[in-house]
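Numbering that gives the first Met the number 0 applies: residue 0 is where the sequence shown begins, and numbers increase by one.
Here a beta-carbon is modelled for each residue, glycine too, at the ideal position from N, C-alpha and C.
Every value quoted in this text rests on a predicted model; they were computed, and no experiment measured them.
Here's the structure, in structure tokens; my notes come after.
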Amino acid sequence: MKRAKFYYVCLGLILATFVLSHKTAAQQYEIGFGLGGSTYTGDMIRRIDPSQSGLQGTLFGRRNFDNVWSLRGGLAIGRLNAADSVRPIDAMALERNAAFRGTMVETHLMMEYYFLDFLNPQSTVRFSPFAMFGVGFAFFMGREDQLGFNNTNYYVGTPVIPFGLGVKYKVKDRLFMTLEFGARATFTDYIDRIEHNPEYFHPRVIPIGGDEYLPNPNALTFGDRDNKDWYYFLGLTVSYSFHQVKCFNFN
0 MKRAKFYYVC
10 LGLILATFVL
20 SHKTAAQQYE
30 IGFGLGGSTY
40 TGDMIRRIDP
50 SQSGLQGTLF
60 GRRNFDNVWS
70 LRGGLAIGRL
80 NAADSVRPID
90 AMALERNAAF
100 RGTMVETHLM
110 MEYYFLDFLN
120 PQSTVRFSPF
130 AMFGVGFAFF
140 MGREDQLGFN
150 NTNYYVGTPV
160 IPFGLGVKYK
170 VKDRLFMTLE
180 FGARATFTDY
190 IDRIEHNPEY
200 FHPRVIPIGG
210 DEYLPNPNAL
220 TFGDRDNKDW
230 YYFLGLTVSY
240 SFHQVKCFNF
250 N
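Structure follows, in structure tokens:
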């Protein structure tokens, strides 16, 4: 939690700096929505697997301080799911045969940096790649299906560090379309209901004589202590500006 507080303080200082430094900038605001896909990585999936993904949607507002920096706040909702049986990472995962599914609700505040001055009326391009970073909080409502457990509902809340890349296109003066990919680093190992707990650690296999072993059901629900869960969004957004797009001259 100390690390999470550090990120919140840093972003707060960044935002305060931009608000003060752009006090006289044009007041250009946008609202928008988006649709796409969401997925996760953790103890069941180590690399992004499109076959284990769900739908996601987002609502957001944006303030453009100038042609380079924007501040975005929003709400995102996505379905996350995974199962050891789909693409097991090892033989123990196949024997564990765990699975989960649920809904992630996230609020976030992010800064966006645009690499091209595409809002300038004299610009020859109508698009710009951009990078985004910020802070947020996520709440996951899940249901697990693991060996040795009843199928029960569970809930996880965690700070998140959102960041990503995208491309924004100016369809008209006030209408924009964006393709973006965002990653969320979390501070929990429990989105998939699998975590390493040394207090209750058990050997992963039980010797039955000679060189033969059997999986230990009491150990199969434990994961990697150094592997926090992540989740990801990929989608298209559409936004509308309430004010005429203005050109900012920094000369």
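| field | Beta-carbon proximity check, residue 102 vs residue 78, cutoff 7 Å | value | yes
| For residue 113, which option in 169, 158, 139 and 189 has the closest C-alpha, if you only look at C-alpha atoms? | 169
| request: Return helix, strand or coil for residue 82, following the three-state DSSP convention. | output: In the three-state reduction of the DSSP assignment, residue 82 falls in the strand class, which pools E and B.
| If you draw a straight line from the C-alpha of residue 107 to the C-alpha of residue 30, how long is it? | 15 Å
| query | Does the Cβ of residue 66 have 16 or more other Cβ atoms within 10 Å, making it buried, or fewer, making it exposed? | reply | buried
| task | Quick one: grab the DSSP three-state call for residue 97. | result | It is coil, neither helix nor strand.
| C-beta atoms of residue 57 and residue 41 nearer than 7 Å | no
| request: Report back the beta-carbon spacing between residue 35 and residue 100 to the nearest angstrom; my notes put them in contact at under 8 Å. | output: In fact, because the Cβ distance is near 18 Å, the residues do not count as touching under 8 Å.
| Going by alpha carbons, who is nearest to residue 159 out of 62, 82, 84 and 231? | Taking residue 159 as reference, the option from 62, 82, 84 and 231 with the minimal CA-CA separation is 231.
| For residue 151 versus residue 236, is the C-beta distance shorter than 7 Å? | no
| Distance CB(residue 61)-CB(residue 109) smaller than 7 Å | No, these two residues do not count as a Cβ contact at 7 Å.
| query | What do you reckon, are the CB atoms on residue 92 and residue 144 nearer than 7 Å? | reply | Against a cut-off of 7 Å, the Cβ pair of residue 144 and residue 92 comes out as no contact.
| What's the gap between the Cα of residue 206 and the Cα of residue 94? | 16 Å
| Secondary structure at residue 91, three-state DSSP: helix, strand or coil? | In the three-state DSSP reduction, residue 91 falls in the helix class (H, G or I).
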